[in-house]
Amino acid sequence: MTLITTPITIAGHTIKNRICMPPLVCFGFGNDESGFVVQKNVEHYEQRAKAGTGYIVVEATCVRKDEKLAPTQLGMWSDEHINGMAKIVETCKKYGAVVTLQIHHTGTNTHPDHGDAIRIQSIQEDFVRAAIRAKKAGFDGIQLHCCHGYLLNTFSSALVNKRTDQYGGNAENRTRLACDIIRDIRKKCSKEFIIDVRVAGNDPTPEDGIDNAQYYIKAGADMLSVSEGTGSIDDINPPDSFPLDRITWLGVNIKNHYPEIPVAAVYGIKTKAQAEQLAGYVDFVSVGRAMLADENWTASILEDTPIEKPCIGCKRCLWFLDPNRCPAQNK
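At position 235 of the sequence shown (counting the first as 1) the number is 234 in numbering that gives the first Met the number 0, and the numbers step up by one without a gap.
Structure, rendered in structure tokens:
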């Protein structure tokens, strides 16, 4: 047994290995603006679960119909979305995966065809209602999206948030909305419902990321999935000895400061050697583009066989534009 294959238990759920499929939006799968799951969504997640991925986070799913990344983004703003999402959960659990749903509000990144100004209390209620629907659909938990410059990140960021009320100023105030959401979800969805927070590791500095993370933990987060925030990646300076990307180091940095909580790190992991290196620093190895390029990536790692469709790291990921344009698919 290796670090990658070692099980870990979070909120009563045993995750069979340390490989995570992070939330990756499939912009081209939907047919309209309904936000409903289509068969392509189900098959997409089934393939990665069948390959043996231990922890799957279903893509950014909007909590309000009028706050989307794109018109066809998946939704959880209505009870009508529950049955479709349940199909994804059911098919992934056939293969023993633990599955959470990333709930998301675009904020200032809302697609130009959508969006209006709404009250903070209403936002909180939208997130909590989406989490309750996720639980009804059978998800093991949710991932709260607090990075990448989206709504909750604009609150948490010392660079962006210039409020002077209870939601602005110090880190405790800037993270207040997310923490209120965490506490309310915990109250209404039980202690066995995983609350994973996707944390901005540089918000805008790594020191700010560390400061903010403590409040998510105090509010009741079960794990932290670390990515980038509103700061410049040029200001992230990992030790010279660190073998992976500087964005990946943000997760390691959070783990070093909060060893008591499970942490996932992400970015640029394409090979078994890289995955094994990262597993030595954090609890979960999140694999994005490489798992899009090759749906059997996890099986190759676990079985120590060659990766059949290796990601070549296109500067702009062609898979997101159209999976058929991905060079790995046409190898």
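Just so you know, even glycine gets a beta-carbon here, dropped at the ideal spot from N, CA and C. Here the structure is a predicted model, which means the values were calculated and not measured.
#1: Kindly list the residues whose CB is nearer than 8 Å to the CB of residue 193, restricted to its own chain and excluding five residues on each side of it in sequence; keep chain order.
#2: So does the stretch 129 to 136 actually touch the stretch 208 to 222, counting three or more Cβ pairs closer than 8 Å?
#3: If you draw a straight line from the C-alpha of residue 3 to the C-alpha of residue 78, how long is it?
#4: Any heavy atom of the ligand FAD closer than 8 Å to the Cβ of residue 314?
#5: Could you round the C-beta distance between residue 261 and residue 283 to whole angstroms and report it? I think they count as a contact, below 8 Å.
#6: Please identify the residue among 264, 80, 93 whose C-alpha is closest to the C-alpha of residue 196.
#7: Taking the continuous alpha helix (DSSP H) assigned at residue 231, which residues delimit it?
#8: Among 267, 35, 257, 206, which one has its Cα closest to the Cα of residue 316?
#9: What span of residues does the alpha helix (DSSP H) with residue 319 cover, start to end?
#10: Excluding the five sequence neighbours on either side, which residues of its own chain have a C-beta within less than 7 Å of the C-beta of residue 115, listed in chain order?
#11: So, at 6 Å on beta carbons, what are the nonlocal neighbours of residue 19 in its own chain, with the 5 sequence-adjacent residues on each side left out?
#12: Would you tell me roughly how many angstroms separate the C-alpha atoms of residue 37 and residue 230, rounded to the nearest one?
#13: Just grab the DSSP bridge partners of residue 26 for me.
#14: Where does residue 208 land, buried or exposed, given buried means 16+ other C-beta within 10 angstroms?
#15: Just tell me which of 295, 306, 288, 303 has its CA closest to the CA of residue 361.
#16: Can you tell me whether residue 73 is helix, strand or coil according to DSSP?
#17: Look at the Cβ atom of residue 297, then the Cβ atom of residue 47, and state whether they are nearer than 9 Å.
#18: Excluding the 5 residues preceding and the 5 following residue 7 in the sequence, name in chain order all residues of the same chain whose CB lies nearer than 7 Å to its CB.
#19: Confirm, please, whether the CB-CB distance from residue 168 to residue 156 is below 9 Å.
#20: Within the continuous beta strand (DSSP E) that includes residue 188, where are the two ends?
#21: Could you check where the alpha helix (DSSP H) with residue 153 kicks off and where it finishes?
#22: With DSSP as the reference, label residue 46 as helix, strand or coil.
#23: Quick check: what's the CA-CA separation for residue 256 versus residue 144?
#24: Whole beta strand (DSSP E) runs in the stretch 267 to 316 with 3 or more residues, listed along the chain?
#25: What would DSSP say about residue 140, mapped onto helix, strand or coil?
#26: Can you list the alpha helix (DSSP H) stretches of 4 or more residues lying completely in the stretch 233 to 258, in chain order?
#27: In this structure, how does DSSP classify residue 166 when only helix, strand and coil are distinguished?
Once the coordinates are examined:
#1: Taking the first residue of the sequence shown as position 1, residue 193 is located at position 194. 9, 10, 12, 97, 99, 139, 140, 141, 221, 222, listed in sequence order.
#2: Counting Cβ pairs under 8 Å, fewer than three are found: no touch.
#3: The residue you call residue 3 lines up with position 4 of the sequence shown. The residue you call residue 78 lines up with position 79 of the sequence shown. Residue 3 and residue 78: Cα-Cα distance of roughly 37 Å.
#4: Only the bare structure without any ligand can be found here, which leaves the ligand FAD out of the picture.
#5: For the purposes of this step, residue 261 is taken as the residue at position 262 of the sequence shown. For the purposes of this step, residue 283 is taken as the residue at position 284 of the sequence shown. Their Cβ separation, rounded to whole angstroms, is 7 Å, which keeps residue 261 and residue 283 in contact under 8 Å.
#6: By 1-based counting over the sequence shown, the position of residue 196 is 197. Considering only alpha carbons, the answer is 264.
#7: Position 232 of the sequence shown holds residue 231. Residue 231 -> no alpha helix (DSSP H), and no H or E assigned at all.
#8: Here residue 316 is taken as the residue at index 317 of the sequence shown, counted from 1. Looking at the Cα atoms, 267 is the closest of the given residues.
#9: Taking the sequence shown and counting its residues from 1, one reaches residue 319 at position 320. Where residue 319 is concerned, the enclosing alpha helix (DSSP H) stretches over 317 to 320.
#10: Along the sequence shown, read from residue 1 onward, the residue named residue 115 stands at position 116. Confidence in residue 115 is poor, its pLDDT being 48 and thus under 50, which makes the residue's placement unreliable; the coordinate value appears in the next sentence. Answer for residue 115: 65, listed in chain order.
#11: Within the sequence shown, numbered from 1, the residue matching residue 19 stands at position 20. Counting only Cβ-Cβ distances below 6 Å, and skipping sequence neighbours, we find 54, 263, 283, 285.
#12: The count along the sequence shown starts at 1 and reaches residue 37 at position 38. The count along the sequence shown starts at 1 and reaches residue 230 at position 231. Those two C-alpha atoms are separated by around 36 Å.
#13: Taking the first residue of the sequence shown as position 1, residue 26 is located at position 27. DSSP output for residue 26 lists no bridge partner at all.
#14: Stepping through the sequence shown from its first residue, residue 208 is reached at position 209. It counts as buried.
#15: One cannot answer for residue 361 here, as it falls past the ends of the chain, which runs 0 to 330.
#16: If you number the sequence shown from 1, residue 73 lands on position 74. Here residue 73 sits in coil by DSSP.
#17: Here residue 297 refers to the residue found at position 298 of the sequence shown. Here residue 47 refers to the residue found at position 48 of the sequence shown. In contact: residue 297 and residue 47 (Cβ atoms closer than 9 Å).
#18: As a working note, residue 7 is residue 8 in the sequence shown. So the qualifying residues of the chain are 14, 17, 261, 282.
#19: The residue labelled residue 156 in the question sits at position 157 within the sequence shown. The residue labelled residue 168 in the question sits at position 169 within the sequence shown. Judged by beta-carbon spacing, residue 168 lies beyond the 9 Å limit of residue 156, meaning their Cβ atoms are not closer than that value.
#20: Taking the sequence shown and counting its residues from 1, one reaches residue 188 at position 189. Careful: residue 188 lies outside any beta strand (DSSP E), inside the alpha helix (DSSP H) at 175 to 188.
#21: By 1-based counting over the sequence shown, the position of residue 153 is 154. Here the alpha helix (DSSP H) through residue 153 covers 150 to 155.
#22: Along the sequence shown, read from residue 1 onward, the residue named residue 46 stands at position 47. DSSP places residue 46 in helix when its eight states are reduced to three.
#23: Translated into the one-based positions of the sequence shown, residue 256 becomes position 257. Translated into the one-based positions of the sequence shown, residue 144 becomes position 145. Straight-line measurement puts the Cα of residue 144 at about 21 Å from the Cα of residue 256.
#24: List check, beta strand (DSSP E) in window: 283 to 285.
#25: Here residue 140 is taken as the residue at index 141 of the sequence shown, counted from 1. If DSSP states are grouped into helix, strand and coil, residue 140 belongs with the strands.
#26: 245 to 256
#27: Here residue 166 corresponds to residue number 167 of the sequence shown, with the count starting at 1. Residue state, collapsed to three classes: coil.
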